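Reading through the structure tokens given below for one structure.
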């Protein structure tokens, strides 16, 4: 019969084995994140389903369509991730992107400006929009929803004024398309995905490895605690919205190289798609948590849906329905995770 001391010794051995086995068994899950792995699984399931149901989905042109849609939404989603992580939101990104597009395009058309100057002006417009949002939210302390709703309406008015005064149909073809598409051996190569991945890597480093990124996350976790810890809350809150504005400008360039005509009403709903992609990708709706890589995966879920549904005879409205269901599931998972963390 085992003595009490021997029983305790063996029990400690069992517990130590369990603890030691966790890192080995779940190293990938801990490193990548369960939610990211689930999103990757969803993408694989969607691609497999569309490929089986419609072999035409496997064509190279479909891949190009997926990437074409993902460029500008990816950039908007990267930017809005920073605003969401602070516990705020940016509703101006979609309309702001179109306004920046028209503003830069108008400069090129009316001043015989070079493409490089036009691109810089487009990005400057986005930065100005982001700075305005940041000042309204951080300095004037307006609710982010109201502040960015107001700037969205201002941007829509600017875009409408440019459209009425200077028609811009067909102008997009004059922008440097080779930034996002090049021909290799007669095939279109989606150069834009290289830019997207590059910026995802850069902004992931900014968010996770720099003081600026850590402070932006701290604002979303607990703004008052961050303030008491010496964080310059106003400065980093403004910075988050400036990042969002920067990617409004970059997204405008991507949009202009993708479409042949631009109208002031084109950006309606893009901000919701960008926010949905970020939340699906794991950005917490209450702030303080999220990743740029997860946001990109969220964009790809929506891109695959948009490209694949027509192959099975479903209209575009089904993309909104399915995306909404996935979004609600992501929000529900975030709420459960938050409650589990508080328990």
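Residue numbers (this note's numbering): 231 to 573.
Even glycine gets a Cβ: it sits at the ideal position worked out from N, Cα and C.
Computed from a prediction, not measured in an experiment: that's the story for all the values here.
So if DSSP puts residue 413 in a beta bridge, which residue, or which two residues, is it bridged to? 418
Cβ pair residue 324, residue 476 closer than 8 Å: Going by C-beta atoms, residue 324 is not nearer than 8 Å to residue 476.
Tell me the rounded alpha-carbon separation between residue 360 and residue 271. 34 Å
Residue 379 in three-state terms, based on DSSP: helix
Between the C-alpha atoms of residue 493 and residue 568, what's the straight-line distance to the nearest angstrom? 41 Å
Note down, in chain order, each residue of its chain lying with its Cβ closer than 6 Å to the Cβ of residue 338, except the 5 sequence neighbours on either side. 348
Taking the alpha-carbon of residue 559 as reference, which of 541, 546, 512 and 542 has the nearest alpha-carbon? 512
Since residue 505 and residue 470 are thought to touch, with beta carbons under 8 Å apart, how far apart are those beta carbons, to the nearest angstrom? For a cut-off of 8 Å, the C-beta gap from residue 505 to residue 470 is around 14 Å, too long to register as a contact.
How many Å lie between residue 524 and residue 296 at the Cα? 17 Å
Confirm, please, whether the CB-CB distance from residue 282 to residue 510 is below 8 Å. no
Taking all protein chains shown into account, do 16 or more other C-beta atoms lie within 10 angstroms of the C-beta of residue 370, making it buried, or fewer, making it exposed? Exposed, by the Cβ-count rule.
Express the C-alpha separation of residue 530 and residue 288 in angstroms, rounding to a whole number. 16 Å
Please determine, among 540, 550, 570 and 527, the residue with the shortest C-alpha to C-alpha distance to residue 274. 527
Check each candidate in 312, 554 and 566 and name the one with the smallest Cα separation from residue 434. 312
Terminal residues of the continuous alpha helix (DSSP H) containing residue 454? Unbroken alpha helix (DSSP H) run through residue 454: 453-458.
Any idea if residue 485 is buried or exposed, counting beta-carbon neighbours within 10 angstroms, 16 or more meaning buried? buried
Runs of 4 residues minimum, wholly inside the segment 299-343: which ones carry the alpha helix (DSSP H) assignment? 323-341
Candidates 467, 362 and 328: which alpha carbon is nearest residue 498's? 328
Please report the residue range of the alpha helix (DSSP H) in which residue 464 lies. 463-488
Would you call residue 412 buried or exposed, if buried means 16 or more other Cβ atoms sit within 10 Å of its Cβ? exposed
Cβ neighbours of residue 426 in the same chain (closer than 8 Å, five flanking residues each side left out): 300, 301, 304, 305 and 526
Pull up the distance between the alpha-carbon of residue 487 and that of residue 570, whole angstroms please. If you take the alpha carbons of residue 487 and residue 570, they lie about 45 Å apart.
Residue range of the alpha helix (DSSP H) that includes residue 508: 500-510
Span of the alpha helix (DSSP H) around residue 497: No alpha helix (DSSP H) contains residue 497, which DSSP labels as neither H nor E.
From residue 393 to residue 385, what does the alpha carbon distance come to, in whole angstroms? 12 Å
Run the CB neighbour count on residue 472, radius 10 Å, all protein chains shown included, and call it buried at 16 or more, exposed below. buried
So, at 7 Å on beta carbons, what are the nonlocal neighbours of residue 372 in its own chain, with the 5 sequence-adjacent residues on each side left out? 366
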